[in-house]
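In the numbering used here, the protein residues as written are 3 to 141.
Backbone N, C-alpha and C fix where the C-beta goes; we use that ideal spot for every residue, glycine too.
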């Protein structure tokens, strides 16, 4: 896990009790708060509270995918979302990654059939997910 973080991020850690100013600058309300920023200090993903190692890695990979998506690098984002879906299918990050994989496919091709296929996959794999409900309009 440490190798993954060091290979993909520049970690910043501070003590919220001793550095309240920085805690407030990042709009952190609870610990741990993990925020993924790009080189221009644009926030792409945030999670708050303890995460198991598997959930932590799924959220970090999801954050990387979101950054690619936000930067309109849809093919790179699609590959990153697929990694989340394949490596962490039982985490909360997986249905979100599946949802946005459909969005990436649509954004890259403007073919709405990708959205319908994504809804079908969400309904089969994650029938109770909020992301499935959000995708219902694609059916």
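Per DSSP, cross-strand counterpart(s) of residue i
i          : result
residue 39 : 45
residue 50 : 35
C-alpha distance - residue i paired with residue j, whole-angstrom precision
i           : j           : result
residue 34  : residue 93  : 19 Å
residue 122 : residue 129 : 10 Å
residue 127 : residue 133 : 11 Å
residue 6   : residue 57  : 14 Å
residue 87  : residue 104 : 12 Å
residue 135 : residue 96  : 15 Å
residue 14  : residue 131 : 32 Å
Short CB-CB distance (under 8 Å) between residue i and chain C
i          : result
residue 69 : Going by chain labels, chain C is absent from the structure shown, which holds only one protein chain.
Which listed residue (the options) has its alpha carbon closest to that of residue i
i          : options         : result
residue 42 : 72, 141 and 77  : 72
residue 69 : 90, 106 and 119 : 106
residue 9  : 32, 111 and 66  : 66
Is it true that the segment 78-89 meets the segment 16-31, where meeting means three or more beta-carbon pairs spaced less than 8 Å apart? The segment 78-89, when compared against the segment 16-31, does not touch it at the 8 Å Cβ threshold.
Ignoring anything shorter than 4 residues or poking outside the segment 56-100, list the alpha helix (DSSP H) runs there in chain order. 76-89, all fully within the segment 56-100.
Quick check for students: name the residue ranges of the alpha helix (DSSP H) that lie wholly in the segment 115-141, counting only runs of 4 or more. As far as the segment 115-141 is concerned, its whole alpha helix (DSSP H) runs of at least 4 residues are 115-127 and 132-136.
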